[in-house]
Amino acid sequence: MGNPSRRLQKVMRASALILLTFLVSCSSSAQAVKEATLPSGKKIKILGFGQMHFTNGSAPGLMVKYRTDLKVTDLVALKQEVDEIWPIFKVNVEQAGLTVGIVSANEIPQGNSFISTNAAYTFVFRKQPDGSWKPEDPPAK
């Protein structure tokens with residue numbers, strides 16, 4: 013029938029794996045969030061930022077992910093919000109010596125602590141040869 017000690021070890025390992033998976037899923041929903049105040053006085057929550065590398069060989073970029081109270085389908089309002097964020101974030105991109113800046117607007121997640129979804133919309137800015145920055149056109153649908 014098998015060694016009871018080995019069966020106990022297998023059950024303990026499986027239990028530990030389930031517990032670890034549960035703890036990781038709980039902790040990932042409670043991300044460290046930093047609040048930032050825009051020039052207009054509006055507060056946004058910074059979810060994170062970091063350098064992005066692309067598989068297609070494009071130049072790396074610096075990305076900031078933030079939480080928006082807007083729906084990402086409201087592109088007019090969202091663009092106004094990003095237009096306020098970009099000049100501040102552009103300083104970080106330039107200090108990093110990069111030529112691509114990415115601003116990712118993320119809606120408030122819907123769901124519970126086990127399963128949640130959220131929508132996001134990403135704006136990409138690319139430095140031009142003359143030193144100015146230009147937003148890239150969104151991909152065609």
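Sequential numbering from 13 applies to the sequence shown in the numbering used here. Idealized CB from N, CA, C, for every residue including glycine.
Residue i versus residue j - alpha carbon distance
i, j, result
"Arg79", "Thr134", "12 Å"
"Asp86", "Asn130", "15 Å"
"Pro150", "Ser52", "26 Å"
"Val84", "Pro99", "20 Å"
"Val45", "Phe61", "11 Å"
"Glu148", "Asn68", "16 Å"
"Ser125", "Gly143", "44 Å"
"Ile58", "Phe101", "11 Å"
"Ala108", "Pro72", "11 Å"
"Val103", "Gln122", "32 Å"
"Leu50", "Asp95", "11 Å"
"Ala42", "Ser70", "Legend: pLDDT at Ala42 = 46, less than 50; position of this residue unreliable, no value from coordinates given."
Beta-carbon spacing of residue i, residue j below 9 Å
i, j, result
"Ile56", "Ile97", "yes"
"Leu90", "Ala117", "yes"
"Val76", "Val115", "yes"
"Lys146", "Val112", "no"
"Glu119", "Leu82", "yes"
"Gln92", "Leu74", "no"
The alpha helix (DSSP H) enclosing residue i, as first and last residue numbers
i, result
"Ile100", "Leu87 to Gln107"
Boundaries of the beta strand (DSSP E) in which residue i is found, first to last residue
i, result
"Leu74", "Gly73 to Arg79"
"Ser116", "Val112 to Asn118"
"Lys140", "The sequence shown places Gln at residue 140, not Lys. Premise fails: Gln140 is in no beta strand (DSSP E) and is neither H nor E."
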